[in-house]
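Undergrad: Handing you this structure, nothing more for now.
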Amino acid sequence: MAGRRHAARASSSFFPLLLLLLVAARLGEHAATAQRDVGAPAPAPVRVGVILDWASPVSLRRRTCIEMGVEDYYAAHPGSATRVELHFRDSAGDVVGAASAALDLINHAQVQAIIGPRSSAQAQFVAHLGNRSHVPVLSYSATSPSVSPAQTPYFVRTAANDSFQVAPIAAVLATFGWRAATVVHEDSPYGVGILPALAHALQSTGVGGASIVDRVPVPSDADDDALDALLNRLMGMPTRVFVVHATRVLAARLFRRATEAGMMSEGYVWVATDGVGTFLDSLSPEDVDAMQGVVSLRPHVEFTEKVKNFSARFRVRFRRDNPGSDDDAFNDPTVTRLWAYDTAWAVSAAAEAAGAVTGPAFQAPQQRPSTGQTTDLDRIGVSATGAGLLRAILNTKFDGMAGKFELADGQLQVAAYEVVNIIGKGTRTVGFWMPKSGGLSRELNGGSSNAPHLKPILWPGEPLSTPKGWTMSQKGKVLKVAVPAKRGFKQLVGVSPNSTTNITGYCIDVFDEVMKNLSYQVRYRYVPFPHSTESYDKLVDLVLDGEADMVVGDVTITASRLDKVDFTMPFTDSGWSMVVLARHDTTANMWIFLQPLTTGLWLASLVFFCFTGFVVWVIEHRVNPEFRGTPSQQFGLIFYFAFSTLVFSHKEKLQSNLSRLVVIIWVFVVLILTSSYTASLTSMLTVQKLQPAVTDVAELLRRGHYIGYQEGTFIKPFLSKMGFDDRKMRKYSTAEQYAEALSKGSANGGVDAVFDEMPYLKLFLSQYCDGYMMQGPLYKTDGFGFVFPRGSPMVPDVSRGIMRLAERDEMALIEKKWFGEPGTCRTAPAVGSSDLSFQSFGGLFLITGVVSTLMLLLYLVIFTYRERDKLRAAEAEADAAGSGSVSVRRMKAWLQHYDKRDLKSPTFKAWNEESPRNGGAFSRRTPRWNGDASQTPTGREEEHAMDGTSPLSVYISSEMNADSSPKGMTMTLVSKTNESFEQRMDRARASMEMGRLPASP
């Protein structure tokens, strides 16, 4: 109060000076107007209606702002061709009065635009009237999304839509990690319109988002008793975060009653929309004192010199127009008054842009079937200037008092929101939210990225730390924790039959340890649920129906249960499978040598053996005598050479470097393949194997075996979907019953497989080490979790506690306590070596395949290039040979040429030149090809006359004339088709030795 008195004294001291300034400004304006009017046409009037509530003091201040907005515009634009005329009407504070005022303005005053009315409920009806008559309706205070320019195009919102502030509200909640909130809203179009946008914004913020756990409507005329009953209901909820969206009058009364109820104390969080933050200066000191610690929002307005000047002029003008008003303490302009000023300026600017109207302002309404009676609604015409004026308004842009005036989709855009904390007698700005950045910051320009999003906030009750936002033990309540009463597997959850309070087990110890490590205290007690053996879904429904606050036990997380309740993160292994009887494999298999490799690998190896042999033959055929012979010999050589690499017994000498590279890579592949085969076969022959009595689910279905499951499990419906007959499914409850049923088998009243979740199967196999094993696929689930109500704020805290427990030694100690030392008993006996598949050697086959293919292509390119002249000659001879397909003849010619020896190769060249290099009589002999000693061998004569085959037939004749002796010796070297290269060379050497013998006497 002392501050306000000081402000009043200070303002009164400037009153004479401001009055003189105002008089001077008015005199100057009149002088300018008089000078302009000399010889100039009078401006065209533009009638604009204004709907206010004269019973409210707020309307008096807004009227002053609207009048000042129009006057200031024409003072700044003295040459305007139009002049706005304001026509004021009273709404009487209700919807009917506002509608009546709008009808009067349209039908009688024939206004071209309407400013107002005050509330969203009134604006909703007036907007429809404006839409029908094409009269733009501009509202600077109707902020509810229920009134939308999309539905009524002639409605223009020159204020911030309430849906704009849901993003900063959600950001505030996300900053402090509050995932649940209760919304307390006024039961009116203004209070209800924000709810859909607020719910969407909360869910879209952060990881997992937040949720509205309850929506509490408050009647606008609720008395203190009604407010006390509502607050008592809120006090009984676990949520301690409340979002209030109401007008300032109702919000002030609500906070006063909350203070009386003790809900403005430590642990509570109150976040109010701009209905509180914007109009806080209009509230009494008692109302502000009841809101200590509240966090609110308000559109940011920069307090420039322009705004300061307007504020001073507004005070002078308001006192002059309302001398009997006593609200000196509340006459500083708020953002709504600045919006009212900017709205009047925008209408004046748009009227000037649209231009003067010639002719009637309204067109006559359409004739309707006469009923003998007419109403004011029937007499509404259509404005001739409405469409043009609306376009001008939507395109109007200027720097207004409240900031940049710019409309998008018929609504004013807000540059930023202030987050304020109500402290003492006013507010303290703790941060800003801007639509461009979409986040909170300590300063308007964004500030440091490493700084916290908001400045320190003083919460209700002045706690030392940020409230956690909820409580599970409200009003001293002890939480009821339901646990399943099981007949077996008591290592997980065990309930003593003689005492319902003696509850132990792995799940119980984990939960107790997590709750003990929470940063707050939670009181709870365990309550056994005896019907859990029938179905765990009934156990989960206890939380859904409110009969239990949570469920602790071996409850599996499933999608159907998540639709009803919330689960923490799992604290056990996930998935379910089957356990079957294991037996030693004593059968002997004569084909066991085929088992190390899969069928695919056998076939792939065979293909690559043949392919490698073929590539080597193609490369060596023309240059290596070892790879020539009859077709059957060459075909056999391809397979023999490739398969001989298995034992590295190939003795053929390779002549080409291309084939040598192919064989080097292939020998490496064979080495790896044979080593792996040997190791796998050795393991199969030496390791004692355990084989499952049943290999998979298909075998169970095919043979019609009986199967088992644990009572109360969720698995049974899945087994039915897999095709198992319900009559062949038997339920059990203990590990001992599992072992007995599996030992008997289906033929003796037991089962051949038991389906259960991984924790139970591991527990069973830890007790029965020998004779049983897990088999078949693992069907994924989410494991065991603790059950909480939907939206419970404890879920993230307990989940984090489980995670921290798993990272420390406590979880391992609890597991050791109930399940024994890990690894003391195998859970899955060895089933022998697995088969080697093609996938295991895919890389090796890829390498050898690529290398062999590249070498083959390279050889073909080289062959084609070197033999290009001879190939052209062969093609020419083939074309002249006869009829038939040209392509076939040329291909046959190419193949025939390829089948010939390459006499330029070192192998054949050295053989042909061996005789001259040895000297003696044989060096003087002339080789005879095809029996003709007078001709040198040509390309056509270097092969035997068999023409289609590749065996070598070489005839070499030599006339040996020693001096003039009549005796001579004729040597003929014949290479038969069935002789090898070595045999032909031996025969040649023998002939040469005979040539060196002396002549017979």
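full-length UniProt numbering puts the first residue of the sequence shown at 1, with every later residue one more than the last. C-beta: ideal position from N, C-alpha, C; glycine also. Predicted model only: the values in this text are computed from it and were never measured.
Counting along the chain, where does the beta strand (DSSP E) carrying residue 194 start and finish?
TA: That residue, residue 194, is in no beta strand (DSSP E); it is neither H nor E in DSSP.
Undergrad: Check the C-beta distance from residue 681 over to residue 593 and give it rounded, since I have them as a contact under 8 Å.
TA: So it is a contact: roughly 6 Å between Cβ atoms.
Undergrad: Could you give the C-beta distance for residue 401 and residue 310, rounded to a whole number, given that I count them as a contact under 8 Å?
TA: 6 Å between Cβ atoms; contact.
Undergrad: In the structure shown, what three-state DSSP assignment does residue 591 receive?
TA: In this structure, residue 591 counts as coil in the three-state DSSP scheme.
Undergrad: Taking only the alpha-carbon atoms, compute the straight-line gap between residue 422 and residue 240 and give it to the nearest angstrom.
TA: Going from the Cα of residue 422 to the Cα of residue 240 covers about 18 Å.
Undergrad: Residue 393 and residue 156 look like a contact to me (Cβ under 8 Å); what is the Cβ gap, rounded to whole Å?
TA: Yes, residue 393 and residue 156 are in contact; Cβ-Cβ is about 6 Å, under 8 Å.
Undergrad: Please specify which runs of the alpha helix (DSSP H), each continuous and at least 4 residues long, are wholly inside the region 224–296, giving them in chain order.
TA: Qualifying alpha helix (DSSP H) stretches, in chain order: 224–235, 248–260, 274–277 and 285–289.
Undergrad: In the DSSP assignment, the beta strand (DSSP E) including residue 221 goes from what residue to what residue?
TA: Here residue 221 belongs to no beta strand (DSSP E), and DSSP marks it neither H nor E.
Undergrad: What distance in whole Å lies between the Cβ atoms of residue 245 and residue 275, which are believed to be in contact at a cut-off of 8 Å?
TA: Contact holds; Cβ gap of about 7 Å.
Undergrad: In angstroms, rounded to a whole number, what distance separates the CA positions of residue 317 and residue 71?
TA: The alpha-carbon atoms of residue 317 and residue 71 are separated by roughly 12 Å.
Undergrad: Note down, in chain order, each residue of its chain lying with its Cβ closer than 8 Å to the Cβ of residue 558, except the 5 sequence neighbours on either side.
TA: Cβ neighbours of residue 558 beyond the five flanking positions: 714, 781 and 782.
Undergrad: I'd like to know whether the C-beta atoms of residue 708 and residue 738 end up nearer to each other than 9 Å.
TA: Yes, the Cβ-Cβ distance between residue 708 and residue 738 is below 9 Å.
Undergrad: Using 10 angstroms around the beta-carbon of residue 628, count the other beta-carbons present and answer buried if the total reaches 16, otherwise exposed.
TA: Flag for residue 628 reads buried.
Undergrad: What does DSSP give as the partner residue(s) for residue 1009 in the beta ladder?
TA: One cannot answer for residue 1009 here, as it falls past the ends of the chain, which runs 1 to 1001.
Undergrad: So the beta strand (DSSP E) residue 139 belongs to, where does it begin and stop?
TA: 137–139 is the extent of the beta strand (DSSP E) around residue 139.
Undergrad: Quick check: the Cα distance between residue 441 and residue 488, rounded to an integer number of angstroms?
TA: Taking the straight line from one Cα to the other gives about 57 Å.
Undergrad: Kindly identify the DSSP beta-bridge partner or partners of residue 577.
TA: Residue 577 pairs with 756.
Undergrad: Give me the residue from 42, 678 and 63 with the minimum Cα distance to residue 49.
TA: Closest option to residue 49, Cα to Cα, is 63.
Undergrad: I'd like the span of the beta strand (DSSP E) that includes residue 864, first residue to last.
TA: Careful: residue 864 lies outside any beta strand (DSSP E), inside the alpha helix (DSSP H) at 842–866.
Undergrad: Quick check: does the Cβ of residue 517 come within less than 8 Å of any heavy atom belonging to the ligand ADP?
TA: This structure does not include the ligand ADP; it has no bound ligands of any sort.
Undergrad: Using 8 Å for Cβ pairs, my map puts residue 148 next to residue 383. What's the rounded Cβ distance?
TA: Residue 148 to residue 383, Cβ: 21 Å. No contact.
Undergrad: Roughly how many angstroms separate the alpha carbons of residue 842 and residue 603, rounded to a whole number?
TA: Those two C-alpha atoms are separated by around 13 Å.
Undergrad: What residue does the beta strand (DSSP E) around residue 54 start on, and which one ends it?
TA: First-last for residue 54: undefined, no H or E at that position.
Undergrad: Can you tell me which of the three DSSP states residue 83 falls into?
TA: Residue 83 falls in the strand class under three-state DSSP.
Undergrad: Give the C-beta separation of residue 432 and residue 786 to the nearest angstrom, bearing in mind that I take them to be a contact with Cβ-Cβ under 8 Å.
TA: With a Cβ gap of about 40 Å, residue 432 and residue 786 do not count as contacting.
Undergrad: I'd like the list of long-range same chain contacts for residue 229, defined as Cβ closer than 8 Å, with 5 residues on each side in sequence excluded.
TA: Result list for residue 229: empty, nothing under 8 Å.
Undergrad: Can you tell me whether residue 972 is helix, strand or coil according to DSSP?
TA: Because residue 972 carries a pLDDT of 37, less than 50, the predicted location of this residue cannot be relied on, and the following value inherits that uncertainty. Residue state, collapsed to three classes: strand.
Undergrad: Which value, in whole angstroms, describes the spacing of the CA atoms of residue 144 and residue 529?
TA: The straight-line gap from Cα to Cα measures roughly 49 Å.
Undergrad: Say whether the region 771–779 touches the region 723–730, bearing in mind that this needs 3 or more beta-carbon pairs closer than 8 Å, one atom from each stretch.
TA: With a cut-off of 8 Å, the region 723–730 and the region 771–779 do not count as touching, because too few Cβ pairs lie within range.
Undergrad: May I ask which residues mark the beginning and end of the alpha helix (DSSP H) holding residue 633?
TA: That run of the alpha helix (DSSP H) goes 631–644.
Undergrad: Leaving out the 5 sequence neighbours to the left and right, which residues in its chain are closer than 6 Å to residue 645 when beta-carbon positions are compared?
TA: Once the five neighbours on either side are set aside, the close Cβ partners of residue 645 are 667 and 670.
Undergrad: Compute the Euclidean distance between the alpha carbons of residue 334 and residue 314, then round it to the nearest angstrom.
TA: So the alpha carbons of these two residues sit roughly 11 Å apart.
Undergrad: By the three-class DSSP mapping on this structure, what secondary structure does residue 460 have?
TA: Residue 460 falls in the coil class under three-state DSSP.
Undergrad: Answer yes or no: do residue 256 and residue 290 have a C-beta to C-beta separation smaller than 9 Å?
TA: Yes, they are a contact pair.
Undergrad: How should residue 464 be labelled, buried or exposed, when 16 other C-beta atoms within 10 angstroms of its C-beta is the threshold for buried?
TA: Per the 10 Å Cβ criterion, exposed.
Undergrad: Could you check where the beta strand (DSSP E) with residue 484 kicks off and where it finishes?
TA: First-last of the beta strand (DSSP E) with residue 484: 479–484.
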